[in-house]
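Number of protein chains: 2
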Amino acid sequence: MLGDMPRPDFQKQLRDVALRVTRPRLAVLEAVHAHPHADTESIIAAARALLPEVSHQAVYDSLHTLTGAGLVRSIKPAGSVARYETRTGDNHHHVVCRSCGEIADVDCAVGHVPCLTASDSHGFVIDEAEVIYWGLCPDCTSRPQ
Amino acid sequence: MLGDMPRPDFQKQLRDVALRVTRPRLAVLEAVHAHPHADTESIIAAARALLPEVSHQAVYDSLHTLTGAGLVRSIKPAGSVARYETRTGDNHHHVVCRSCGEIADVDCAVGHVPCLTASDSHGFVIDEAEVIYWGLCPDCTSRPQ
DNA sequence: CATCTTTCTTGAATCAGTCAAGATCTCGCG
DNA sequence: CGCGAGATCTTGACTGATTCAAGAAAGATG
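Protein sequences, first through last, are from chains C and V.
Under my numbering, the first residue of the first sequence carries the number 63, and numbering increases by one thereafter.
Under my numbering, the first residue of the second sequence carries the number 63, and numbering increases by one thereafter.
Okay, here's the thing in structure tokens:
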């Protein structure tokens, strides 16, 4: 039914991390790729546009599995539900609008891993620094309330 | 009943930000101060140790109000419930253990506002940079699984 | 093609956090 | 020091995202 379609090679991505290639997972990958920073509900909707009968549970499970495998990344700004993106690997962060919740990608000013070296890490072995910038997006800036 | 006790002047803190001084708020401030990084449930328990009949709703409301006033700060690492602390004002961040969820304070290596200047903020007006370091705490490092 | 696992479907359950209405308490003023 | 207005608290029910569980279905391997 879906023999050959020239999208990003999601199948290969799955095989590369030793995950089974299933319709739900492909649909979820596709959905996340097409809607960066989308919340779970939107991803479920987008995935169903490709595969009408996916259960929400399969989407949740796929997102967890894919997140664990590093194919997608999840971000959960305070006060927001979980959101996902396929941009992984590069060290980028996010700006979140306090007013409307809009999210955008930003590369840190430093360019490289910035604050990864905390002065005193209390003995913790740090492997990732997550940065969230809070502020107002252009739209909300121009029309305050 | 509780005429004079030499604690931090929470009453003054409340008045300084034009908030009414109520028993629940004092209890919540005290609880958060005594248990940094505690989750809401712990704070409710700690507040009830001081004021047995506080409703969970009053605690939630107090936390929101105090957070809005800047007397307490809330942090919500992904996969964790909301946690609170009274350390506000200074620009410090947090390390979170991926394994046990333990949280510790850290000052950024740079010492000052570090990544506050994102290279390209997409027009967002940024007012705060929140940094969360992910890793393993000393305990979880020494005994892997 | 057959078998073994992993993954998906269905349906119910959990739990933090929120909403709403009325009672109570703080604060400012006379 | 007592009163009144308005903020704040209590009670109790509810929402909604996420998770759990058991059986059915589909992918991988030989």
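Note that beta-carbon positions come from the ideal geometry of N, C-alpha and C, so glycine has one too.
Proximity of residue i and residue j at Cβ, strictly below 8 Å
i, j, result
"valine 157/V", "threonine 148/V", "no"
"valine 168/V", "histidine 155/V", "yes"
"glycine 197/C", "cysteine 159/C", "yes"
"tyrosine 146/V", "isoleucine 188/V", "no"
For residue j and residue i, the rounded distance between their alpha carbons
i, j, result
"valine 90/C", "histidine 118/V", "38 Å"
"valine 83/C", "glutamine 73/C", "6 Å"
"alanine 109/V", "proline 70/C", "53 Å"
"alanine 107/C", "serine 124/C", "14 Å"
"valine 143/V", "threonine 102/V", "8 Å"
"cysteine 199/C", "proline 98/V", "32 Å"
"valine 116/V", "leucine 81/V", "18 Å"
"valine 121/V", "valine 193/C", "29 Å"
"proline 139/V", "glutamate 164/V", "11 Å"
"leucine 76/V", "threonine 129/V", "12 Å"
"valine 94/V", "threonine 150/V", "12 Å"
"alanine 131/V", "glutamate 190/V", "16 Å"
"valine 175/C", "glycine 141/C", "Confidence at valine 175/C is low in this model, with a pLDDT of 48, below 50, so its placement is unreliable and no value can be given for it."
DSSP state of residue i mapped onto helix, strand, coil
i, result
"isoleucine 194/C", "strand"
N- and C-terminal bounds of the alpha helix (DSSP H) containing residue i
i, result
"cysteine 202/C", "200-204"
Beta strand (DSSP E) segment containing residue i, residue limits
i, result
"arginine 145/V", "145-147"
"cysteine 162/V", "Cysteine 162/V -> no beta strand (DSSP E), and no H or E assigned at all."
In chain order, what are the residue ranges of uninterrupted alpha helix (DSSP H) at least 4 long that sit wholly in the stretch 75-139 of chain V? Whole alpha helix (DSSP H) segments, 4+ residues: 85-96, 102-112 and 118-131.
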